[in-house]
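Heads up: the sequence lines are chains Z and X, in that order. Per full-length UniProt numbering, residue 1 is the first one in the first sequence, and the count goes up by one each step. Per full-length UniProt numbering, residue 1 is the first one in the second sequence, and the count goes up by one each step. No residue lacks a Cβ here, since even glycine has one placed at the ideal position from N, Cα and C. Values in this document were obtained by computation on a predicted structure and should not be read as measured data. Here the structure comes first, spelled out in structure tokens, and everything after it is commentary.
There are 2 protein chains.
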Amino acid sequence: MSTPTARDRLIDAAQDLFAVQGVGPTSPRAVLAASGVGQGSLYHHFPTKHDLAVAAVGATVDQLLARAMTTLGSDSPAIQRLVDYLERPRDALAGCRVGRLTAEQAVLDDDGLRDVLAAYFVRLLGALTTIFRETGLPDDVARDRAHAALAIIQGGYVLARATQDPEALTAAVRGFVGLLSTS
Amino acid sequence: MSTPTARDRLIDAAQDLFAVQGVGPTSPRAVLAASGVGQGSLYHHFPTKHDLAVAAVGATVDQLLARAMTTLGSDSPAIQRLVDYLERPRDALAGCRVGRLTAEQAVLDDDGLRDVLAAYFVRLLGALTTIFRETGLPDDVARDRAHAALAIIQGGYVLARATQDPEALTAAVRGFVGLLSTS
DNA sequence: GTCTATAGGGCGATAGAC
DNA sequence: GTCTATCGCCCTATAGAC
Chain Z
1 MSTPTARDRL IDAAQDLFAV QGVGPTSPRA VLAASGVGQG SLYHHFPTKH
51 DLAVAAVGAT VDQLLARAMT TLGSDSPAIQ RLVDYLERPR DALAGCRVGR
101 LTAEQAVLDD DGLRDVLAAY FVRLLGALTT IFRETGLPDD VARDRAHAAL
151 AIIQGGYVLA RATQDPEALT AAVRGFVGLL STS
Chain X
1 MSTPTARDRL IDAAQDLFAV QGVGPTSPRA VLAASGVGQG SLYHHFPTKH
51 DLAVAAVGAT VDQLLARAMT TLGSDSPAIQ RLVDYLERPR DALAGCRVGR
101 LTAEQAVLDD DGLRDVLAAY FVRLLGALTT IFRETGLPDD VARDRAHAAL
151 AIIQGGYVLA RATQDPEALT AAVRGFVGLL STS
């Protein structure tokens with residue numbers, strides 16, 4: 001790993017730029033400059049911007065899913081795993097690196113990218129539904145609460161960015177966890 | 001109103017295009033084509049794209065706030081107003097015309113646009129906090145639940161777009177409203 | 001596999017006639 | 001106030017040498 005390949009450096013750079021400015025506003029030229037490889041290399045490994053985007057977003061999804069599953073699949077009691085996931089520290093003002101991409105119409109219009117985004121959320125919803133079911137809730141209620149829990153995180157990011165206040169995300173989580181406790 | 005001014009037609013067209021593709025990907029040329037006015041007119045009324053964006057996003061915020069306040073400020077009981085707001089029919093796959101813009105870094109980096117977005121959410125959070133306070137909750141808890149309620153809507157939009165399933169938004173709302181009822 | 005050079009087009013913005 | 005014409009820039013992608 002002391003000598004990462006040109007391909008890996010391109011994906012790393014693309015992930016970083018996508019996280020900050022999204023896919024559309026990130027030009028292949030910018031990825032190229034940030035990665036330090038030459039222009040020919042980029043188009044050798046990734047013939048089109050689409051190919052680069054699928055690889056980079058796919059890598060980000062894999063990383064975020066792996067981290068989430070560590071928390072959601074620990075050996076703590078179900079409720080504890082849920083609260084641990086909800087309260088995990090997050091860079092609220094940066095937004096969710098995957099969720100933010102749903103705002104880009106060009107991303108949703110790209111079959112490959114859309115599938116990667118969908119897989120990320122379907123996977124998380126599945127894990128959260130399982131947790132709620134473990135607490136004794138019927139399937140349909142567990143599924144609704146899983147949607148609510150994930151919406152709290154994604155919506156909390158939106159509120160934090162809009163108000164430029166990271167506390168907006170933690171407030172949303174507190175409000176939701178408070179409701180869970182009293183029910 | 002049978003003869004809308006060039007300025008009004010430009011703002012209308014910009015609002016429509018921003019709703020579909022966001023601010024960044026919408027070129028002044030596209031607004032111009034959609035509005036039917038000439039190029040000189042656009043740059044006469046709005047010297048830069050920034051000026052056009054502030055006017056169009058401001059108009060959208062005004063319209064959405066007016067509609068929201070009608071529901072949130074009706075003469076129904078507090079809880080009913082809240083549930084009415086949460087369950088109002090929404091075009092889930094289109095996303096929130098204001099919330100989606102928080103994903104665009106260029107929008108948040110623009111002082112004028114950022115202020116308009118912030119004002120929208122601050123206003124909604126204030127109204128929702130008031131409602132929760134009316135139900136007898138202490139101020140800090142009311143504020144947290146207001147954040148949670150608004151995050152459910154914004155996050156529900158994100159889930160619906162990511163999974164291409166409008167039911168994801170209604171499921172999140174159902175999950176949240178269910179928790180409110182049992183607490 | 002990687003490089004430099006460049007094509008072809010859309011971008012935001014301006015010029016200047018009417 | 002509105003029009004047409006055009007500038008200079010950056011975009012995605014390709015060509016072709018090494």
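In this structure residue 155 of chain Z touches residue 150 of chain X by the C-beta definition: roughly 7 angstroms separates them, less than 8 angstroms. For residue 112 of chain Z, the nearest beta carbon of chain X is not closer than 8 angstroms to its own beta carbon. Contact residues of the region 2-33 of chain X toward chain Z are 20, 21, 22, 24, 25 (C-beta to C-beta distance below 7 angstroms). Here the alpha carbons of residue 121 of chain Z and residue 113 of chain Z stand approximately 13 angstroms from one another. Excluding sequence positions up to five before and after residue 82 of chain Z, its CB lies within less than 6 angstroms of the CB of 131, all in the same chain and listed in chain order.
Contact between residue 103 of chain X and residue 103 of chain Z holds: their C-beta atoms lie close to 3 angstroms from each other, under 8 angstroms. Separation of residue 109 of chain X and residue 177 of chain Z (C-alpha to C-alpha, rounded to the nearest whole angstrom) is 32 angstroms. Put simply, the CB of residue 67 of chain X is far from chain Z, with every gap to its CB atoms at 8 angstroms or more.
The C-beta of residue 60 of chain Z comes no closer than 8 angstroms to any C-beta of chain X. Chain Z places no beta carbon closer than 8 angstroms to that of residue 36 of chain X, leaving this residue out of the contacts.
Within chain X, the C-beta atoms nearer than 9 angstroms to that of residue 122 of chain Z come from 162, 163, in chain order. Along the length of the UniProt DNA-binding region "H-T-H motif" (27-46) of chain X, whole alpha helix (DSSP H) runs at least 4 residues long occupy 28-35, 39-45, reported in chain order. Nearest to residue 179 of chain Z by C-alpha distance, out of X/23, X/93, X/142, is X/142. A straight-line Cα-Cα distance of about 40 angstroms links residue 34 of chain X and residue 62 of chain Z. C-alpha of residue 125 of chain Z to C-alpha of residue 5 of chain X: approximately 48 angstroms in a straight line. Between residue 40 of chain Z and residue 9 of chain Z, the CB-CB gap reaches or exceeds 8 angstroms.
In the three-state reduction of the DSSP assignment, residue 63 of chain Z falls in the helix class, which pools H, G and I. In its chain, beyond the 5 residues on either side, 93 have a beta carbon closer than 8 angstroms to the beta carbon of residue 164 of chain Z. Exposure of residue 66 of chain Z is indicated by the presence of fewer than 16 other C-beta atoms within 10 angstroms of its C-beta. Between residue 118 of chain Z and residue 13 of chain X, the C-beta spacing is not below 8 angstroms.
Within the same chain, Cβ atoms closer than 6 angstroms to the Cβ of residue 107 of chain Z are found at 23, 101, 113, the five residues on either side in sequence being excluded.
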